[in-house]
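Encoded as structure tokens, the structure appears first; notes follow it.
There are 4 protein chains.
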Amino acid sequence: MKRKAELKRQQIIKAAYQAVSDKGYESVTLQDIADYADVSKGVPNYYFQNKEDVLAHLLAQITDRIYEKEKLAVERETTSANMLLAYLNTVFVGPKENEKFYRVYLDFLAQATKNKRYREINERFYQNCSSISKVILEQGKKEGAFRTIDNEEAGRTIRAMIDGYMIQWMMTGDHMQHSAYRAACYRSVLSYIQN
Amino acid sequence: MKRKAELKRQQIIKAAYQAVSDKGYESVTLQDIADYADVSKGVPNYYFQNKEDVLAHLLAQITDRIYEKEKLAVERETTSANMLLAYLNTVFVGPKENEKFYRVYLDFLAQATKNKRYREINERFYQNCSSISKVILEQGKKEGAFRTIDNEEAGRTIRAMIDGYMIQWMMTGDHMQHSAYRAACYRSVLSYIQN
Amino acid sequence: MKRKAELKRQQIIKAAYQAVSDKGYESVTLQDIADYADVSKGVPNYYFQNKEDVLAHLLAQITDRIYEKEKLAVERETTSANMLLAYLNTVFVGPKENEKFYRVYLDFLAQATKNKRYREINERFYQNCSSISKVILEQGKKEGAFRTIDNEEAGRTIRAMIDGYMIQWMMTGDHMQHSAYRAACYRSVLSYIQN
Amino acid sequence: MKRKAELKRQQIIKAAYQAVSDKGYESVTLQDIADYADVSKGVPNYYFQNKEDVLAHLLAQITDRIYEKEKLAVERETTSANMLLAYLNTVFVGPKENEKFYRVYLDFLAQATKNKRYREINERFYQNCSSISKVILEQGKKEGAFRTIDNEEAGRTIRAMIDGYMIQWMMTGDHMQHSAYRAACYRSVLSYIQN
DNA sequence: TATGAATGAGCCTTCATTCAT
DNA sequence: AATGAATGAAGGCTCATTCAT
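Chains as they are written, first to last, in numbering that gives the first Met the number 0: chain A, 0 to 194; chain B, 0 to 194; chain C, 0 to 194; chain D, 0 to 194.
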């Protein structure tokens, strides 16, 4: 049955997520992934072409899931202020989740400089993030809360602030400072887009 | 003689820079580094404790050098506007240099999430970047060109924008767009710090 | 029902023949064989003890079939000259078939040096070939066309010439030269057995 | 020093010869070869590009050495009869050596059907064997001992007889019959080339 | 000071075989 | 009777590190 195979693939990707987060993109072995998934060594190779294939699916999945969550969170709000808050609260969801994701995401960004497939997956993520920003910005302009601004460029700037702040937070290695970085990022975005 | 040894270490670090930029942090081998340095295989191990030691010295050196250049460029200017321009022009020095540096730097950031030594080296880099931002911001406030703003936080925000924009540029894989990203980053920083 | 099982075994052996010819004795996998037979992966293991068992049956079958054909061809003729011609024309049946067979047969000969079962199967093939030669030689002697000669030894010599020439033809890798090698082999055999 | 490296390569090739003879071309592992050479696992890969490279050098070496020996043996004789005897005595040097060589050689012939590099090495061997036959045949014709015959074709026929007989002897698996097969091969060649 | 031969751990991958369904 | 998921052993290869020279 197809369904069962899909479940297995999910199980392996989930295990790979944890494994890469713990050990790093290049350090992680297929044995690690198999161990985390509680399956035997050959299984990841049975469900995926090779190691890179596992990891590419992992990248695609986590970026997609993050986008879905962010989109949902923003759609629930009506005012631009709440939308932005919801967006950043979803991005900065919590120290544990953020650490896990950004450990993996940073690894992928580093790899992406030499790997076209990863760049393409990331490109889609960027597009999705941009579409979220656009919704917020349009609403803000409609309300007169935000200054006139190019959606494209503002989307990039917001993305830059988020990634930049998140990296800086990661480099502190301190979970306690998570909320402070979230707040600072929020203030900075607001300063940037407000009139 | 100490001097000669130091020269050799420099030679190896320089070779490592090129090697890591070409092959990536995890893919690079000591053999690669030795080849780029035109020395025999045992030399890197002779002058450094091990592979990681070579790479840590590399990270420390390139971040230091970048800071020196940026500092110098900003010090040459007198107005906040020119200072900021000089800063960003030095950061976005050119597609070739930026690609080389950010390939390596991204690799290090990815590693740093699991390597304290790298985090510490990066922390010093952050401090240095912050000190540059501070000089510019103070001057801008003195001129009344910038709004009242927390230096610490603004420094982080500027750093975030720089890294964030640079990563996005890297992901395009397109050297031609370098100046467009530099300009966008400049506009964004300005929007953020101006009143 | 027994009959159905036998058909399935035939199907698998036939597929194995093509598979081994294409991929080589050691490179071929049970998955390959299953694919060529258009059955699922477990089937070869279901109808045969293991991989070697499949291949041993394959060797037995192809050598038997070749013998049958050669025997039939020779029996159709009445003069020793025609018999020999018929024999060699059947052996050198054509570049495509010969390549397919000798690829597999050479693999088996190579294996046979370490595998008794294969040696035994080949021994039977040798006996059969010898019996064909014997028929031709006896007829030739009766006609006074061939010199007095030990059937046993002449049979071996003819077999040696056939295999030897076929190997040399295989090593040319050139289908076009097939008929030249057949002619040369024929001339050589004739020179050897004629007075 | 270059000399030492060459000795090491010889040591590995020699070990590979024994290993392939014992285990077979495809079954043999680099670990086997390392073990036979009494070196560590990585050494064969240090001195050769990969496994195939080791084996190709092995094939080239053993065929070259055999040719040298045969050539030398034939050159020592003056009459065509003695030359032929010397040739075949050198070819059928003894059961132990012949078994070792033909186990490996048969493996290579089997591989050669799919491997161009092996075919080329074997082609050179064929050329060399042909040149030996030519010397003998010319001498025989000069003496009037052999019939008029095409050197090229006769060379192929002799090679075919040698390989064919040797294979048949190998298939007996019986060292005792070695001299009988040698004698039979000699008689057959003689019958073929004599008037 | 420098070399590069040698080591051996560890990785990815393949694949025969088993077995629950 | 047949499937194909799962296992795990084994192989080729890479490479950091060591060490005799």
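Glycine included, C-beta positions come from ideal geometry on N, C-alpha and C.
Minimum Cβ-Cβ distance from residue i to chain C less than 9 angstroms
i: E213(D); result: Because chain D here runs from 0 to 194, residue 213(D) falls outside it and cannot be looked at.
i: S187(D); result: yes
i: G163(D); result: yes
i: M160(D); result: yes
i: A33(D); result: no
Test: residue i CB closer than 9 angstroms to a CB of chain D
i: E248(C); result: Since the displayed chain C opens at 0 and closes at 194, residue 248(C) lies outside it and no answer follows.
i: Q167(C); result: yes
i: A183(C); result: yes
Span of the alpha helix (DSSP H) around residue i
i: T112(A); result: Neither: T112(A) is in no alpha helix (DSSP H) and is coded neither H nor E.
i: I61(A); result: K50 to E74
i: Y45(B); result: V42 to Y46
i: G154(B); result: N150 to T171
i: M82(B); result: S79 to V90
i: R8(A); result: K1 to K22
i: Q176(D); result: Element bounds for Q176(D): n/a, residue is neither H nor E.
i: D31(D); result: L29 to A36
Cα-Cα separation between residue i and residue j, rounded to whole angstroms
i: F148(A); j: A111(A); result: Note that residue 148(A) is Ile in the sequence shown, not Phe. Answer to the nearest angstrom: the Cα atoms are 30 angstroms apart.
i: C184(B); j: Y164(B); result: 6 angstroms
i: S20(D); j: L84(C); result: 38 angstroms
i: G41(C); j: M169(C); result: 34 angstroms
i: Q193(B); j: T89(A); result: 28 angstroms
i: A33(C); j: L6(A); result: 27 angstroms
i: E25(D); j: K22(C); result: 13 angstroms
i: D31(A); j: Y16(A); result: 11 angstroms
i: K182(A); j: Y104(A); result: Note on residue identity: the sequence assigns Ala, not Lys, to residue 182(A). Distance between the alpha carbons of A182(A) and Y104(A) is about 22 angstroms.
i: D63(D); j: K99(D); result: 16 angstroms
i: R8(B); j: L58(B); result: 14 angstroms
i: E142(B); j: T77(B); result: 11 angstroms
i: K68(A); j: F124(A); result: 13 angstroms
i: L29(C); j: T28(A); result: 28 angstroms
i: E152(B); j: N81(B); result: 21 angstroms
i: Y180(A); j: V92(B); result: 29 angstroms
i: R146(A); j: S178(B); result: 25 angstroms
i: Q196(A); j: L71(A); result: Past the edges of chain A, shown from 0 to 194, lies residue 196(A), and the structure says nothing about it.
i: Q198(D); j: S39(D); result: The displayed coordinates of chain D run from 0 to 194. Any statement about residue 198(D) would go beyond what the structure contains.
i: L87(A); j: A36(C); result: 58 angstroms
i: F107(D); j: K1(C); result: 41 angstroms
Chain A within 9 angstroms of residue i, Cβ atoms only
i: A85(B); result: no
i: S190(B); result: yes
i: G93(B); result: no
i: M170(B); result: yes
C-beta neighbour in chain B for residue i, strict 9 angstroms
i: M175(A); result: no
Q.
To be precise: take each residue of the segment 37 to 61 of chain C, compare its Cβ to all Cβ atoms of chain D, and keep it if any distance is under 8 angstroms. Which residues remain?
A. none
Q. Can you list, in chain order, the residues of the segment 99 to 130 of chain B whose Cβ is nearer than 8 angstroms to any Cβ on chain A?
A. Y101, R102, L105, D106, L108, A109, Q110, A111, T112, K113, K115, R118, N121, E122 and Y125
Q) Is it a yes or a no for the segment 10 to 26 of chain A touching the segment 39 to 53 of chain A, going by three-plus beta-carbon pairs under 8 angstroms? A) yes
Q.
For the structure I just gave you, are there three or more beta carbon pairs, one from the segment 125 to 136 of chain A and one from the segment 152 to 164 of chain A, closer than 8 angstroms?
A. yes
Q: Scan the segment 139 to 156 of chain D for residues whose Cβ lies nearer than 7 angstroms to a Cβ of chain C and list them as they occur along the chain.
A: E152, R155 and T156
Q. Going along the chain, which residues of the segment 6 to 25 of chain C sit with their C-beta nearer than 8 angstroms to a C-beta in chain D?
A. G23, Y24 and E25
(Q) With three or more C-beta pairs closer than 8 angstroms as the rule, is the segment 172 to 190 of chain C touching the segment 105 to 122 of chain C? (A) no
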